[in-house]
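Peer 1: Before anything else, here's the structure in question.
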Amino acid sequence: MTLPRCRMRDHLARPEADRPDSPVDDLRTRLEQAQADERRAEALLDSVASLMVMSDATAMMRRAAEDAICHIGFSAVQVYAADHDLGVLTEVARLRRDIRPSEMHLPGLDPVVEQPGELDPIPLRPGDILAEFALGNHSHRLLPPDPDDSSATNRLMVQMRAPGRGGRGGGALLGVIIAHSDGPATARQISLLHSLATMIGAATEAIRIDRFREQILSSVSHELRTPLAAIRAYNELLLDEDAGPINDEQRLFLQRIETTSIQLDRMVEDMLDLSKLRAGEMVVPRELMDVTAVIEHIIDTLSPEARRRSISLADEIASELPQISSNSDRLAQVLFNLVGNAVKYVADGGSVLVRAAICTPSTCRQLARIRERLQQSRSFSAADCLVIEVIDDGPGIAADELGRVFDEFFRGRLTERTTKGSGLGLTIAARLTRLLGGTLEVDSTPGEGTTFYLILPVEPTGCAQANEAT
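Its first residue numbered 1076, the sequence shown is counted upward by one per residue in my numbering.
Set out below in structure tokens:
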């Protein structure tokens, strides 16, 4: 067919980039696809970053199915979790891409819908294609569509395993992901699903280890309480000479047993408290309380140990501190940990000071650093809070360790060789402080000492009274 002259001229004059199926078109398409793949990978990384902090393995596996659809491009995904106690695979997620028109999707929601899953678990034994794959050594397997099923899709099966040697997935089987696609899975999809399965495996194993640790802590702590109580009871009978008179050397030995038993008893209580705090089972009722009385009680309790080591233990409490809404027992526990640590870590002849006053973010030199956080917190007004400072002239904390002092079982290198401890006291103090609606901060200079700032909200009425008094 001959084109009209003008149209032919126009056609010949068109640049090559505008002609269909030109090399430039193909290059542009490839570039757009590469950019789309890059955006999907970035979105997948962002999603996995939030997924890794989840504490529920089943919810995490379901999120992994969503990611495989939304960010890797599969049409449907099933996830099976391995239960080695029962020897079965249980389906925990079955999702597919929502094929409704895009205008029917709610803003901000992924176009993914849930499908009814299998109710019966699959036994982990030969005879089932999924079970055989799970028991095998292949990390993935590609299955073509069933020719007898017109609705069948291509399937990619990938194992989820706990980290093995070198941190790679080669440990215990945790589950299997089955990803469906209309065409064969691409090398990029296989690689991304492998990476997702590896990260889910590592996170799931971390959750399992964490729960196992909690069970061990709770079990061991409860089992230790009974023999410790018996040791302390019999030791007290011996100290009271109920079983006969004792000499000075025997009394010294018995007192050392009592001191060690008290330390063990406190460690057991710390482990039990930590288990409750981690599980969210710690209940802290609040009522109006006198902070001054709590501080003075802690000073009186720790004074004998301070005097024994010639440590100056004193307090500076502002006059007419208002009552605050808190829990006296838990506040005393926080302060006992803070002041007890200070007494324990300072050298003989050192000093520990406990200071309490009403402060404002604008006038307290330490609060200036965290003013923004306080103002964003609902617990604090912009103008008033109670600050209890625990100041010591001990060895201090290295600058690179300040951000870790509230981590579980952490012990600073400046003190771990000279002083024994479980590394739980500050962790518990920080978590209890949050339950009390406050915050715990630390500032330290190696070789000069450390200051802990316990900051608690004050009711507006109490603050007004305090300001009027001062």
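Don't be surprised by glycine CBs; every beta carbon is placed ideally from N, CA and C.
State the CB to CB distance for the pair Ser1400 and Arg1430, rounded to an integer number of angstroms; the pair is presumed to be in contact (CB under 8 Å).
Peer 2: Ser1400 to Arg1430, Cβ: 22 Å. No contact.
Peer 1: Go through its chain and collect everything with a Cβ distance to Thr1502's Cβ below 7 Å, but skip five positions before and after it.
Peer 2: Within the same chain, Thr1502 has close Cβ partners Leu1349, Phe1481, Asp1482, Glu1483.
Peer 1: May I ask you to report which of helix, strand or coil DSSP gives Met1342?
Peer 2: Correct three-state label for Met1342: helix.
Peer 1: Run through DSSP, which three-state label would Asp1093 get?
Peer 2: Note on Asp1093: pLDDT 49, under 50, position unreliable in the model; the coordinate value appears next. Three-state result, Asp1093: helix.
Peer 1: Please name the residue, chosen from Ser1270, Thr1228, Asp1101, Leu1217, that lies closest to Pro1238 on a Cα-to-Cα basis.
Peer 2: Of the candidates Ser1270, Thr1228, Asp1101, Leu1217, the one whose C-alpha sits nearest the C-alpha of Pro1238 is Ser1270.
Peer 1: Mark Val1358 as exposed unless 16 or more other C-beta atoms lie within 10 angstroms of its C-beta, in which case mark it buried.
Peer 2: Exposed.
Peer 1: Which whole-angstrom value describes the C-beta separation of Ile1332 and Ala1393, a residue pair presumed to lie in contact below a C-beta threshold of 8 Å?
Peer 2: Contact flag wrong, Cβ pair sits at about 41 Å.
Peer 1: Around the C-beta of Ile1291, are 16 or more other C-beta atoms found within 10 angstroms, so that it is buried, or is it exposed?
Peer 2: So Ile1291 ends up on the exposed side.
Peer 1: Hey, could you find the ends of the beta strand (DSSP E) His1372 is sitting in?
Peer 2: Taken as a continuous stretch (DSSP letters only), His1372 belongs to no beta strand (DSSP E), being part of the alpha helix (DSSP H) at 1366-1383.
Peer 1: Can you tell me where the alpha helix (DSSP H) holding Glu1289 begins and where it ends?
Peer 2: Looking at the DSSP string, the run of the alpha helix (DSSP H) that includes Glu1289 is 1262-1314.
Peer 1: Of all the options Leu1339, Glu1298, Leu1249, Arg1103, which has the alpha carbon lying nearest to the alpha carbon of Arg1307?
Peer 2: Residue Leu1339 is the option with its Cα nearest to Arg1307.
Peer 1: Quick one, are the C-beta atoms of Leu1499 and Asp1404 less than 9 Å apart?
Peer 2: No, these two residues do not count as a Cβ contact at 9 Å.
Peer 1: Between Ser1294 and Ile1282, what straight-line distance do the alpha-carbon atoms span, to the nearest angstrom?
Peer 2: Between Ser1294 and Ile1282, the C-alpha separation is close to 18 Å.
Peer 1: Excluding the 5 residues flanking Leu1299 on each side, which residues of the same chain have their C-beta closer than 8 Å to its C-beta?
Peer 2: The residues are Leu1339, Val1343.
Peer 1: Taking 8 Å as the cut-off, does the region 1516-1535 touch the region 1468-1477 (at least 3 CB pairs, one atom from each stretch)?
Peer 2: Enough Cβ pairs lie closer than 8 Å, so yes.
Peer 1: Could you please give me the residues that DSSP links to His1215 through a beta bridge?
Peer 2: According to DSSP, His1215 bridges with Val1233.
Peer 1: Please report the straight-line C-alpha distance between Ala1260 and Ile1252, rounded to a whole angstrom.
Peer 2: Using only the alpha carbons, I get a separation of about 14 Å.
Peer 1: Which word fits Asn1212, buried or exposed, when buried means at least 16 other C-beta atoms lie within 10 angstroms of its C-beta?
Peer 2: The residue is exposed, with fewer than 16 neighbouring Cβ atoms inside 10 Å.
Peer 1: For a quick check, are the C-beta atoms of Leu1218 and Ile1197 less than 9 Å apart?
Peer 2: Going by C-beta atoms, Leu1218 is not nearer than 9 Å to Ile1197.
Peer 1: Assuming Gln1398 is part of the alpha helix (DSSP H), what are its boundary residues?
Peer 2: Note, Gln1398: premise wrong, no alpha helix (DSSP H); not H, not E.
Peer 1: CA-CA distance, Thr1514 and Ala1304?
Peer 2: Each residue's Cα considered, the two are about 34 Å apart.
Peer 1: Quick one: is Pro1397 buried, meaning 16 or more other Cβ sit within 10 Å of its Cβ, or exposed?
Peer 2: Label assigned to Pro1397: buried.
Peer 1: Which same chain residues, not among the five before or five after Ser1387, have their C-beta less than 6 Å away from its C-beta?
Peer 2: Only Ser1426 meet the Cβ criterion.
Peer 1: May I have the straight-line CA-CA distance separating Tyr1528 from Ile1337, to the nearest angstrom?
Peer 2: When rounded, the distance between both Cα atoms is 27 Å.
Peer 1: For Ile1275, which residues from the same chain have a beta carbon less than 7 Å from its beta carbon, with the 5 sequence-adjacent residues on both sides left out?
Peer 2: Closer than 7 Å at Cβ, skipping near neighbours: Met1135, Met1136, Ala1139, Met1235.
Peer 1: Between Gly1415 and Leu1377, is the Cβ-Cβ spacing less than 9 Å?
Peer 2: Yes.
Peer 1: Could you tell me whether the Cβ atoms of Ala1157 and Ala1247 are closer together than 9 Å?
Peer 2: Yes, the Cβ-Cβ distance between Ala1157 and Ala1247 is below 9 Å.
Peer 1: Is the beta carbon of Leu1210 sitting closer than 9 Å to the one on Leu1199?
Peer 2: Contact: yes.
Peer 1: Which residue wins for smallest C-alpha separation from Thr1525, given the options Glu1516, Val1533, Glu1189, Leu1531?
Peer 2: The option with the nearest alpha carbon to Thr1525 is Glu1516.
Peer 1: Name the one or two DSSP bridge partners that Ala1157 has.
Peer 2: BP columns for Ala1157 point to Leu1164.
Peer 1: Could you tell me the alpha carbon to alpha carbon distance between Asn1412 and Val1188, rounded to whole angstroms?
Peer 2: Cα to Cα, Asn1412 sits roughly 50 Å from Val1188.
Peer 1: With 16 as the cutoff for other CB atoms within 10 Å, does Gln1577 come out buried or exposed?
Peer 2: Residue 1577 is absent from the structure shown; the chain starts at 1076 and stops at 1545.
Peer 1: Distance check for Leu1170 and Asp1101, CA to CA, integer angstroms please.
Peer 2: Each residue's Cα considered, the two are about 34 Å apart.
Peer 1: Is the beta carbon of Leu1268 less than 9 Å from the beta carbon of Ala1143?
Peer 2: Contact flag set, yes.
Peer 1: State buried or exposed for Leu1161, treating a residue as buried only when at least 16 other CB atoms are found within 10 Å of its CB.
Peer 2: With fewer than 16 other Cβ atoms within 10 Å, it is exposed.
Peer 1: Could you tell me the boundaries of the beta strand (DSSP E) in which Thr1514 lies?
Peer 2: Its beta strand (DSSP E) spans residues 1514-1520.
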